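K.L.:
Sending over a structure as structure tokens; questions will come in a sec.
There are 2 protein chains.
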Amino acid sequence: MTLRVLLADDEHLIRGALAALLALEDDLVVVAEAASGPEALAMARAHRPDVAVLDLQMPGADGVSVATTLRGELPDCRTMIVTSHGRPGHLKRALAAGVRGFVPKTVSAQRLAEIIRTVHAGNRYVDPELAADAISAGDSPLTEREAEVLELAADGAPVAEIAERAALSQGTVRNYLSSAVSKLGAENRHAAVRLARERGWV
Amino acid sequence: MTLRVLLADDEHLIRGALAALLALEDDLVVVAEAASGPEALAMARAHRPDVAVLDLQMPGADGVSVATTLRGELPDCRTMIVTSHGRPGHLKRALAAGVRGFVPKTVSAQRLAEIIRTVHAGNRYVDPELAADAISAGDSPLTEREAEVLELAADGAPVAEIAERAALSQGTVRNYLSSAVSKLGAENRHAAVRLARERGWV
DNA sequence: GTGGCCTTCTGACATTTGTCATGTGCGCCG
DNA sequence: CGGCGCACATGACAAATGTCAGAAGGCCAC
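Going down the list, the protein sequences come from chains Y and X.
The numbers in the first sequence follow the numbering used here, run straight up by one, and end at 202.
The numbers in the second sequence follow the numbering used here, run straight up by one, and end at 1202.
Written as structure tokens, this is what we have:
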């Protein structure tokens, strides 16, 4: 009984190389490859793989949102995320989306193959180091609105623009930013954005 | 006559997979692998490869600085950069460092093998799309100081701190920031930082 | 049903930025 | 040599931001 795998990663070099390596494992077969989020979805619908191995950052839709959709459409398809830059918040989001495996690209291909089997068997696997990071980073102290406003502030937009986009008054926006900044212990909103990003809270 | 290759990439998964794929080409042999900048240097000194394939982002020292050092120590060793996020400025820096190949990770392994041969033969190869980006982005309009100050402003530090770190008066810092912002056509310093980052000018 | 937390607002204030005019001195290039 | 652009500065003003106090309504929990 072979295990059918979908591989989604926007980097052709990596995807191809990975496919070649996984092909060496005789119980695994890569039935589809995709280079973007939407393509991954289409491929999954067409080929109904047992396990979908998704890159976190892809054009179109990221790995987590693909996983969320897949969970609804193909409940039998297990999903796992592979990523280069694993931030704690991503892990949390991924787990909430029903993802069963979360590994950094620093693992070896053999290890990856094992993890694919683990995931297929219905178990979960989370990279210990990433898990430790996630635990030590803890939960976001920000309220929903604070996070939303901080997000909008991320690209350096002035308060007026943030207020308009969030349909809030400027005063409210400043209050939220102020409280977010003090909760994060940051110097100002921009440092706060950086901190929240690092911890995966936005 | 086989072509001896050094492979440096911090992602074990990719490096291993790449090595496996390049091994399929019978004129190429991967003589060393490294997961960080310093390690890449050490490996290069020990194994004296014909071509060093370096990832742009690695812990310790990035691909370009490794290439610069290599150019001095092993002039016969050709260097090339492989990267996921190719920003125009990186390309320019890389070329200045004597790098002969610059390709995104979206190429296929076969293509990469060809490019390795091209580079070894003494020719250059730059991904056409990245080249186009670099040309359209053009040269940085920023003066040295403007760039320096913008860099210090990157993590959201207040003017006072920037002034101290750059040993400038606060007024001067604001002037530089102001002119940088207007040269880049940005809304404010933070957007300017983003823009300059995107274009590889910082 | 009261107390606590979140959302949302207003107004006022201090501080920080952004912008402009203007000045000096240096080095380079024609 | 004279001009140009850059580095660096000052001072002043307008605009944006950060901080605080206060207040109203909603929701949940005890």
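The C-beta atom is built at its ideal place from N, Cα and C for all residues, glycine as well.
Predicted, not measured: the structure shown is a model, and the values here were computed from it.
1) Which of the residues in the segment 1-12 of chain Y, read from start to end, lie with their CB under 8 Å from any CB of chain X?
2) For E140(Y), count the other beta carbons within 10 Å of its own beta carbon; 16 or more makes it buried, fewer makes it exposed. Which is it?
3) Starting from R194(Y), find everything on chain X with Cβ-Cβ shorter than 8 Å and list it in chain order.
4) With burial defined as no fewer than 16 other Cβ atoms inside 10 Å of the residue's Cβ, what is the status of A96(Y): buried or exposed?
5) Does A1020(X) have its Cβ less than 9 Å from a Cβ in chain Y?
6) The alpha helix (DSSP H) spanning G1063(X) covers which residue range?
7) Evaluate the contact criterion for the segment 1146-1156 of chain X versus the segment 1168-1188 of chain X: three or more CB pairs, one atom per stretch, below 8 Å.
8) Out of H1120(X), R1111(X), E1025(X) and V1126(X), point me to the one whose CA is closest to H1090(X)'s CA.
9) I need the boundaries of the alpha helix (DSSP H) containing A167(Y), first residue and last residue.
10) What are the uninterrupted segments assigned as alpha helix (DSSP H) that are 4 or more residues long and contained completely in the segment 66-145 of chain Y, given in chain order?
11) At a Cβ threshold of 9 Å, is R174(Y) touching chain X?
12) Between which two residues does the beta strand (DSSP E) holding A1192(X) run?
13) How many whole angstroms separate the CB atoms of T1079(X) and V1107(X), which I take to be in contact at a CB cut-off of 8 Å?
14) Between H190(Y) and chain X, is there a C-beta pair that is closer than 9 Å?
15) Which residue marks the beginning of the alpha helix (DSSP H) containing E25(Y), and which one marks its end?
16) For the ligand FAD, any of its heavy atoms closer than 8 Å to the Cβ of Q170(Y)?
17) Could you tell me which of L1130(X), W1201(X), A1134(X) and E1129(X) sits nearest to R1145(X), measuring between CA atoms?
18) Please determine if the segment 1016-1026 of chain X and the segment 10-23 of chain Y are in contact, where contact requires at least 3 C-beta pairs separated by less than 8 Å.
19) Taking the beta strand (DSSP E) that A52(Y) belongs to, which residues open and close that run?
20) Got a sec, what are the start and stop residues for the alpha helix (DSSP H) A1040(X) sits in?
21) Taking Cβ positions, are G1063(X) and G1037(X) nearer each other than 9 Å?
22) Which residue marks the beginning of the beta strand (DSSP E) containing V202(Y), and which one marks its end?
23) Kindly indicate which three-state DSSP category E1011(X) falls into: helix, strand or coil?
24) With distance defined between alpha-carbon atoms, name the residue in G1185(X), D1010(X), L1003(X) and D1050(X) nearest to D1076(X).
25) Could you confirm whether any beta carbon from chain Y is found closer than 9 Å to the beta carbon of S1182(X)?
26) Roughly how many angstroms separate the alpha carbons of S182(Y) and H1085(X), rounded to a whole number?
27) Rounded to whole angstroms, what's the CA-CA distance from E1198(X) to Q1057(X)? Just pull it up for me.
28) With DSSP as the reference, please indicate the residues paired to E1033(X) in a beta bridge.
29) When we look at the beta-carbon of M43(Y) and count the other beta-carbons within 10 Å, is it buried (16 or more) or exposed?
30) Any beta carbon of chain X sitting closer than 9 Å to that of V99(Y)?
31) Would you grab the beta carbon distance between A1035(X) and L1006(X) for me? Rounded to a whole angstrom, and I think it's under 8 Å.
32) Quick check on DSSP: helix, strand or coil for A1186(X)?
33) What do you get for A46(Y), buried or exposed, if any count of 16 or more other CB atoms within 10 angstroms of its CB means buried?
34) Can you pull the chain X residues whose beta carbon is under 8 Å from the beta carbon of V107(Y), in chain order?
35) So what does DSSP say about A1157(X), is it helix, strand or coil?
P.N.:
The answer reads as follows:
1) D10, E11 and H12
2) The residue you asked about is not Glu; residue 140(Y) is Ser in the sequence shown. Buried.
3) Simply D1155 and G1156.
4) Counting Cβ neighbours within 10 Å, A96(Y) comes out exposed, since fewer than 16 surround it.
5) Residue-level contact by beta carbon holds for A1020(X) and chain Y, with a gap shorter than 9 Å.
6) Counting along the chain, the alpha helix (DSSP H) containing G1063(X) begins and ends at G1063 to E1073.
7) By the Cβ criterion, the segment 1146-1156 of chain X is in contact with the segment 1168-1188 of chain X, since at least three pairs of Cβ atoms, one from each stretch, lie closer than 8 Å.
8) V1126(X)
9) From DSSP, A167(Y) is part of no alpha helix (DSSP H); its letter is neither H nor E.
10) 88-96, 109-120 and 128-137
11) no
12) That residue, A1192(X), is in no beta strand (DSSP E); its alpha helix (DSSP H) goes R1189 to E1198.
13) 17 Å between Cβ atoms; not a contact.
14) yes
15) Per DSSP, E25(Y) is not a residue of any alpha helix (DSSP H), being assigned neither H nor E.
16) What this structure holds is no ligand at all, so the ligand FAD is not there to describe.
17) Nearest in C-alpha terms to R1145(X), of all of L1130(X), W1201(X), A1134(X) and E1129(X), is W1201(X).
18) yes
19) V51 to D55
20) G1037 to H1047
21) yes
22) Bounds of any beta strand (DSSP E) do not take in V202(Y), whose DSSP letter is neither H nor E.
23) coil
24) D1050(X)
25) no
26) 33 Å
27) 15 Å
28) L1007(X)
29) So M43(Y) counts as buried.
30) no
31) Rounded, the Cβ-Cβ distance is 12 Å, inconsistent with contact.
32) Three-state result, A1186(X): coil.
33) exposed
34) H1012 and L1013
35) The three-state reading of DSSP puts A1157(X) in coil, since its state is none of H, G, I, E or B.
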